[in-house]
Amino acid sequence: MGRGRGLAGGGLLVALVSAATFGTSGPFAKSLLETGWTPGSTVFLRIAGAALLLLVPTVRALSGRWHLLRGSWRQVLVYGAMAVALPQLAFFYAVDTLSVGVALLLEYLGLVLVVAWQALVRRRWPALPTLAGVVLAVGGLTLVLDLPSLLRGGEVQISGIGVAWGLLAALGLASYFVMSGVSHDDALPPLALAGSGLVVASVGFGVLGLLGVLPMTFRTDDVELAGAVLPWWVPVLELGAVAAATAYVTGIVAARLLGAKVASFVGLSEVLFAVLFAWLLLGQLPGLVQLAGGLLILAGVVVVRLEEPDAPAAGVAAG
Numbered sequence: 000m001g002r003g004r005g006l007a008g009g010g011l012l013v014a015l016v017s018a019a020t021f022g023t024s025g026p027f028a029k030s031l032l033e034t035g036w037t038p039g040s041t042v043f044l045r046i047a048g049a050a051l052l053l054l055v056p057t058v059r060a061l062s063g064r065w066h067l068l069r070g071s072w073r074q075v076l077v078y079g080a081m082a083v084a085l086p087q088l089a090f091f092y093a094v095d096t097l098s099v100g101v102a103l104l105l106e107y108l109g110l111v112l113v114v115a116w117q118a119l120v121r122r123r124w125p126a127l128p129t130l131a132g133v134v135l136a137v138g139g140l141t142l143v144l145d146l147p148s149l150l151r152g153g154e155v156q157i158s159g160i161g162v163a164w165g166l167l168a169a170l171g172l173a174s175y176f177v178m179s180g181v182s183h184d185d186a187l188p189p190l191a192l193a194g195s196g197l198v199v200a201s202v203g204f205g206v207l208g209l210l211g212v213l214p215m216t217f218r219t220d221d222v223e224l225a226g227a228v229l230p231w232w233v234p235v236l237e238l239g240a241v242a243a244a245t246a247y248v249t250g251i252v253a254a255r256l257l258g259a260k261v262a263s264f265v266g267l268s269e270v271l272f273a274v275l276f277a278w279l280l281l282g283q284l285p286g287l288v289q290l291a292g293g294l295l296i297l298a299g300v301v302v303v304r305l306e307e308p309d310a311p312a313a314g315v316a317a318g
């Protein structure tokens, strides 16, 4: 029991680290976009940079165990396409015709898809705490994104194609948590799954860029962040090393320790960290409504966590 609680506590800490590192991407990406970079080029260098940084650690993690990669090549392809590339590409297209807050809300409906996957595939029907957690978390997310005031001000932009892209982003996010949580004797180590999946995604983004499907513009102008003028490579390095490499590896570790469902709920704290970093680096002060939304999200995580055992057993961490 004590060991289980230790694993669960460690899993929560790692999940928060993953959410925090994912949450740093907004301000650093924004600093590049403001100098003329396109979202496509920003995402491509973020993913490709992370793949490059994880190359040596991935090779070392697979040393003497290359059979694991050969036996998991389908999982790697699907992980790279569905868990890494799809949510980022779909969100990029969603915000083209939707308000950013609406697009984020649709993407984070992925936690509902994780619960649905457990019910339909694993036959683990959601109990009352899970359903209550979904309501609290989605309600809190709505407040953090400040959608009520946007609706009153008529600032919400919605389109059918944008909603479709937003739901595809949700599917990708759900795939990330479900696939990250798969754990068995022949499973790839977290470093290897993250590194190989990022290679697949970066190759895919590169091909889309060469074909002109994903517009890419790169600039070498200095950027401004937190009142300081920095060279362009500083945000690029942060996006690759912190917001991608660290975020994906810790996300996989957390999902295997907590299970896909709890990890997906804790992952909602990424939005809270994004608001925090926007305040610290961009001076965008969160309001009381956003703070109240953050408390609701945390309440949702706590309620869902109370339903779960101390730690998922080996081999069933996807649940």
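Counting from 0, one number per residue, gives the positions in the sequence shown under numbering that gives the first Met the number 0.
Where is the CB? At the ideal position from N, CA and C, for every residue including glycine.
Counterpart residues of residue i in DSSP-defined beta bridges
i	result
Glu237	None, per the DSSP bridge assignment.
Glu223	Val228
Presumed contact (8 Å Cβ cut-off) between residue i and residue j, rounded CB distance
i	j	result
Gln289	Asp145	6 Å
Val241	Thr20	5 Å
Leu61	Leu67	7 Å
Leu267	Tyr107	6 Å
Leu221	Leu229	Per the sequence shown, the amino acid found at residue 221 is Asp instead of Leu. Confirmed, about 6 Å.
Ala82	Gly165	So it is not a contact: roughly 17 Å between Cβ atoms.
Gln87	Val42	5 Å
Gly109	Ser263	7 Å
Leu11	Leu257	7 Å
For residue j and residue i, the rounded distance between their alpha carbons
i	j	result
Val113	Ala259	7 Å
Thr183	Glu33	Here residue 183 is His; the residue named in the question, Thr, does not match the sequence. Their backbone Cα atoms lie some 44 Å apart in a straight line.
Leu44	Leu127	43 Å
Trp65	Leu190	13 Å
Leu284	Ala186	43 Å
Ala84	Ser148	32 Å
Gly25	Ala14	19 Å
Gly132	Val301	8 Å
Val235	Ala225	16 Å
Trp36	Val261	36 Å
Gly79	Val198	7 Å
Val303	Gly286	26 Å
Gln74	Tyr92	25 Å
Gly299	Ala169	19 Å
Endpoints, alpha helix (DSSP H) assigned at residue i
i	result
Arg218	Neither: Arg218 is in no alpha helix (DSSP H) and is coded neither H nor E.
Glu269	268-281
Trp116	109-119
Leu53	Run containing Leu53: none; DSSP gives neither H nor E here.
His66	65-70
Ser182	Taken as a continuous stretch (DSSP letters only), Ser182 belongs to no alpha helix (DSSP H), as it is neither H nor E.
Leu31	24-32
Pro188	Note, Pro188: premise wrong, no alpha helix (DSSP H); not H, not E.
Tyr247	246-257
Pro285	It is not in any alpha helix (DSSP H) - Pro285 carries neither H nor E in the DSSP assignment.
Ala89	85-96
Pro128	127-143
Within-7 Å CB hit, residue i to chain B
i	result
Ala47	Any reference to chain B falls outside this structure, which holds one protein chain only.
Would you be able to state if there are at least three C-beta pairs under 8 Å between the segment 98-105 and the segment 129-148?
Yes, the segment 129-148 touches the segment 98-105.
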